[in-house]
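Chains as they are written, first to last, in our numbering: chain A, 8 to 497; chain B, 16 to 84.
We put the beta carbon where it would ideally sit given N, CA and C, even for glycine.
No experiment lies behind these values; they were computed from the predicted model shown.
Worksheet: the structure to be examined is printed underneath.
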Amino acid sequence: MNTDLLSFLIIVAYLIMMLGITVWQGKRAKSKDATGFFLAGRGVSSVLLPLTMIAAMQSTFAFLGAPGMYYSHGISYIVIVLSQVWVALMVIYFGNKIRKLANKYNYMSIGDYFKDRYDSNYIKVLASIISVLMTMVFLAMQYVGNARAMQVITGNVVSYQVAIILCVLFSLAYVLIGGAGGVVLLDAIQAIVLMVGIVLAAYVAISPAGGIVNLFKTAIEKTPELLSRPGAQGMYTNKYWVMQFIVLPFGIWFCPHIWTRSLMAKDENALAKSAISIPVSQILIFGFSTLFIGLAGHQLLTDVQAADTVLPLMMRNYSNWFVAALIMAAAISAGMSTINSMLLVSSQIVSQDLILLKSKDKVSDSKNMIISRIVVFGLAILAAIIALKPPESLVQVVQDIAYTGLAQLAPAFILGLYWKGTRKEGAALGMTVGIILLFAMRIMQVSPLGYPGFMWAFFLNIIITVVVSLAFKSKDNTIVEEKFFSELRG
Amino acid sequence: MNHKLILSIFVVLLLLAIIPFSFTASPEPYIFGWLPLPLLYWWSLMVINLIFVLWVAKKFTESAKEEKK
Numbered sequence: 008m009n010t011d012l013l014s015f016l017i018i019v020a021y022l023i024m025m026l027g028i029t030v031w032q033g034k035r036a037k038s039k040d041a042t043g044f045f046l047a048g049r050g051v052s053s054v055l056l057p058l059t060m061i062a063a064m065q066s067t068f069a070f071l072g073a074p075g076m077y078y079s080h081g082i083s084y085i086v087i088v089l090s091q092v093w094v095a096l097m098v099i100y101f102g103n104k105i106r107k108l109a110n111k112y113n114y115m116s117i118g119d120y121f122k123d124r125y126d127s128n129y130i131k132v133l134a135s136i137i138s139v140l141m142t143m144v145f146l147a148m149q150y151v152g153n154a155r156a157m158q159v160i161t162g163n164v165v166s167y168q169v170a171i172i173l174c175v176l177f178s179l180a181y182v183l184i185g186g187a188g189g190v191v192l193l194d195a196i197q198a199i200v201l202m203v204g205i206v207l208a209a210y211v212a213i214s215p216a217g218g219i220v221n222l223f224k225t226a227i228e229k230t231p232e233l234l235s236r237p238g239a240q241g242m243y244t245n246k247y248w249v250m251q252f253i254v255l256p257f258g259i260w261f262c263p264h265i266w267t268r269s270l271m272a273k274d275e276n277a278l279a280k281s282a283i284s285i286p287v288s289q290i291l292i293f294g295f296s297t298l299f300i301g302l303a304g305h306q307l308l309t310d311v312q313a314a315d316t317v318l319p320l321m322m323r324n325y326s327n328w329f330v331a332a333l334i335m336a337a338a339i340s341a342g343m344s345t346i347n348s349m350l351l352v353s354s355q356i357v358s359q360d361l362i363l364l365k366s367k368d369k370v371s372d373s374k375n376m377i378i379s380r381i382v383v384f385g386l387a388i389l390a391a392i393i394a395l396k397p398p399e400s401l402v403q404v405v406q407d408i409a410y411t412g413l414a415q416l417a418p419a420f421i422l423g424l425y426w427k428g429t430r431k432e433g434a435a436l437g438m439t440v441g442i443i444l445l446f447a448m449r450i451m452q453v454s455p456l457g458y459p460g461f462m463w464a465f466f467l468n469i470i471i472t473v474v475v476s477l478a479f480k481s482k483d484n485t486i487v488e489e490k491f492f493s494e495l496r497g
Numbered sequence: 016m017n018h019k020l021i022l023s024i025f026v027v028l029l030l031l032a033i034i035p036f037s038f039t040a041s042p043e044p045y046i047f048g049w050l051p052l053p054l055l056y057w058w059s060l061m062v063i064n065l066i067f068v069l070w071v072a073k074k075f076t077e078s079a080k081e082e083k084k
């Protein structure tokens with residue numbers, strides 16, 4: 008039998024095996040209500056939570072996007088590790104605070120918190136819409152990554168479109184059968200597989216380059232521009248470098264599928280372990296493995312049409328078909344686990360915060376579950392349709408659109424947690440202006456004074472939130488002060 | 016938890032990473048003849064950040080245990 012077809016069968020066998028685990032786990036821990044279905048009953052342990060955090064954070068970025076970024080821009084892409092390490096502190100500080108509030112007031116999403124803190128359906132709806140739209144972009148890029156991996160490694164035995172359909176079918180099966188309870192266990196397994204897979208991929212890539220020292224020596228000789236800022240394409244300028252430290256940590260933490268991990272935590276110990284898992288996995292994946300793969304790809308591959316295909320091409324050209332298929336199964340596993348988390352959380356926001364905005368308490372648990380499952384189905388189809396027109400670089404799309412959009416939630420969220428003077432008028436106007444300005448500047452492609460539109464939108468969002476809140480400070484704020492600042496100080 | 020100490024260390028580490036120092040704009044000198052200086056700097060910072068996160072997480076769990084007592 009031809010090895011391309013065998014590679015495809017190995018990947019499908021892996022996906023079916025994962026489905027089996029989900030079915031088994033789904034039967035064991037059947038979700039009877041929305042909290043169980045979406046948040047695994049708020050009881051994920053200190054063993055599973057770190058793994059599920061890794062699985063949620065490390066998507067196809069790890070296998071496809073990151074090697075592509077190192078391939079195109081050189082070592083400057085390590086900024087992702089240096090900036091996203093601070094997500095760990097966000098989990099410990101903001102995550103713990105919101106977990107306590109969520110347990111007390113039964114929040115299931117960021118929208119629930121905004122509604123309660125600001126007594127505003129407008130802010131809840133706006134935050135929910137931003138969260139879902141940005142997540143849909145991210146989700147579509149996961150389908151793109153998985154489909155590309157499948158297409159390249161099977162030597163086009165599976166077309167891109169068929170690969171998208173397969174990914175949609177499997178992700179729907181995982182989520183609809185398992186819910187969060189099933190997905191948590193699946194995530195844990197996929198996190199281990201992806202960590203082992205990426206190290207193995209780095210080993211495969213480094214060997215033909217003659218080892219790490221030779222890899223760098225060749226780069227010094229042939230492509231020294233990859234070994235410092237601003238990189239081969241001049242992207243990591245001073246201003247762009249600084250911006251990464253705002254976009255990447257806030258953008259990723261406000262991804263609903265990452266944010267809700269804090270609500271799933273059983274206790275502080277689980278939360279702390281999940282925080283530690285962030286720098287550990289980032290260092291292993293982005294600090295070393297993908298850096299080596301990207302540099303090796305630059306030296307060894309001659310015909311790369313999309314930077315994201317560097318890793319599958321390396322595996323195809325420099326390892327035997329079986330190892331390549333296993334590594335790509337791990338890559339698809341990384342994408343699949345993130346897709347599962349995104350589908351769950353997006354459907355949660357659409358069903359609970361938008362469709363059932365004013366009638367959640369009037370709907371029975373079983374009807375709520377039916378609505379949630381229909382929404383999961385619809386969102387998966389929508390993301391797949393977006394994925395049918397793939398961009399050249401997944402990372403660029405997610406960083407430029409999804410992360411920058413999600414970061415606009417940060418001012419209202421953080422100020423609301425720590426400053427009792429934050430008023431709904433300030434939060435609503437700041438968030439609205441921030442998101443409009445962000446996308447207006449992107450559409451017009453303007454960067455006043457050389458600073459990207461995101462920087463203007465983000466800082467204007469903060470200034471408006473503060474100034475307008477101060478202007479409304481005489482408004483009675485007793486309920487907020489009693490509810491949020493009496494017991495939960497510090 | 017000593018929040019002031021944590022915040023101070025965080026600010027220093029953040030500044031060390033966020034400031035685009037001029038030496039990161041050139042790969043030279045090559046340490047051991049092959050490792051670009053910017054990469055050595057960023058790798059070192061990466062490890063120090065990890066140690067800091069481990070320490071904060073430890074303090075956080077200790078403080079949570081004390082609160083429960």
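Residue j beta carbon less than 9 Å from that of residue i
i	j	result
LEU146/A	VAL383/A	no
GLU399/A	ASP315/A	yes
ILE87/A	LEU69/B	no
PRO397/A	ALA313/A	yes
ALA212/A	LEU71/A	no
ARG236/A	SER348/A	no
PHE465/A	ALA414/A	yes
ALA498/A	LEU222/A	Look at the range of chain A in this structure, 8 to 497, and you will see that residue 498/A is not part of it.
VAL330/A	LEU173/A	no
ILE388/A	VAL175/A	yes
PHE261/A	PHE420/A	yes
HIS264/A	THR67/A	no
MET115/A	GLN452/A	no
ALA72/B	ALA394/A	no
LEU179/A	THR29/A	no
PHE67/B	PHE25/B	yes
Spatial distance of residue i from residue j (CA atoms)
i	j	result
ALA109/A	GLY118/A	11 Å
GLY497/A	VAL98/A	Since pLDDT at GLY497/A reaches only 42, below the 50 mark, its modelled position is unreliable, and the value read off the structure follows with that caveat. Their backbone Cα atoms lie some 15 Å apart in a straight line.
ILE105/A	GLN149/A	28 Å
LEU467/A	ARG449/A	16 Å
MET438/A	TRP58/B	36 Å
ALA69/A	VAL475/A	41 Å
LEU363/A	ASP483/A	29 Å
LEU495/A	GLY428/A	Reliability fails at LEU495/A, whose pLDDT of 49 lies under 50, so the model's placement of it is uncertain and the value that follows must be treated cautiously. Those two C-alpha atoms are separated by around 16 Å.
VAL357/A	MET321/A	40 Å
ASP372/A	ALA391/A	29 Å
ILE219/A	MET343/A	31 Å
LYS80/B	ILE285/A	23 Å
PHE121/A	GLN65/A	27 Å
LYS480/A	LEU422/A	14 Å
THR485/A	TYR425/A	16 Å
TRP248/A	ILE199/A	31 Å
ILE346/A	GLN355/A	14 Å
HIS80/A	ASN17/B	40 Å
ALA216/A	VAL191/A	38 Å
VAL487/A	ALA478/A	17 Å
TYR167/A	LEU351/A	24 Å
LEU361/A	SER135/A	7 Å
For residue j and residue i, believed in contact at Cβ under 8 Å, the rounded distance
i	j	result
SER102/A	LYS273/A	Before going further, note that residue 102/A is Gly rather than Ser in the sequence given. The Cβ separation is near 13 Å, so there is no contact.
LEU55/B	GLU43/B	Going by Cβ atoms, the distance from LEU55/B to GLU43/B rounds to 12 Å, so no, they are not a contact pair.
SER340/A	GLN197/A	4 Å
Any non-hydrogen atom of the ligand FAD closer than 8 Å to residue i Cβ
i	result
TYR78/A	You won't find the ligand FAD in this model; it holds no ligand whatsoever.
### chain A contacts from the segment 53–70 of chain B (Cβ-Cβ distance under 8 Å)
PRO53, LEU54, TRP57, TRP58, LEU60, MET61, VAL62, ASN64, LEU65, VAL68 and LEU69
### Task
Give a yes or no on contact between the segment 284–301 of chain A and the segment 123–130 of chain A, applying the rule of three or more CB pairs nearer than 8 Å.
no
### Query
Does the segment 419–435 of chain A touch the segment 400–411 of chain A, meaning 3 or more C-beta pairs lie closer than 8 Å?
no
### Task
Below 7 Å between beta carbons is the criterion; list the residues of the segment 30–51 of chain B that meet it against any residue of chain A, in chain order.
ALA32, ILE33, PRO35, THR39, ALA40, SER41, PRO42, TYR45, TRP49, LEU50 and PRO51
### Message
Does the structure place the segment 54–63 of chain A close enough to the segment 267–277 of chain A that three or more beta carbon pairs sit under 8 Å?
### Response
yes
### Query
Taking one C-beta from the segment 449–461 of chain A and one from the segment 30–41 of chain B each time, how about it: are there three or more such pairs within less than 8 Å?
no
### Query
Just by C-beta distance, which residues in the segment 232–244 of chain A are closer than 9 Å to chain B?
GLU232, LEU233, LEU234, SER235, ARG236, PRO237, TYR243 and THR244
### Query
Any chance the segment 88–95 of chain A sits against the segment 236–244 of chain A, with 3 or more Cβ pairs inside 8 Å?
no
### Message
Contact between the segment 158–172 of chain A and the segment 72–80 of chain A is defined here as three or more beta-carbon pairs at a separation below 8 Å; is this criterion met?
### Response
no
### Message
Against chain B, which members of the segment 195–225 of chain A pass a CB distance test of less than 7 Å?
### Response
VAL220, PHE223 and LYS224
### Task
Scan the segment 415–441 of chain A for residues whose Cβ lies nearer than 7 Å to a Cβ of chain B and list them as they occur along the chain.
none
### Query
Relative to chain B, which residues along the segment 460–480 of chain A have a C-beta separation below 7 Å, given in chain order?
none
### Task
Check distances from the C-beta atoms of the segment 265–285 of chain A to those of chain B and list, in chain order, the residues that come in under 9 Å.
ASP274, GLU275, ASN276, LEU278, ALA279, LYS280, ALA282, ILE283 and ILE285
### Query
Any residues in the segment 446–459 of chain A with a beta carbon nearer than 8 Å to a beta carbon of chain B? Which ones, in chain order?
none
### Query
Using a Cβ cut-off of 8 Å, which residues of the segment 87–109 of chain A contact any Cβ in chain B, in chain order?
VAL88, LEU89, SER90, VAL92, TRP93, ALA95, LEU96, ILE99 and ASN103
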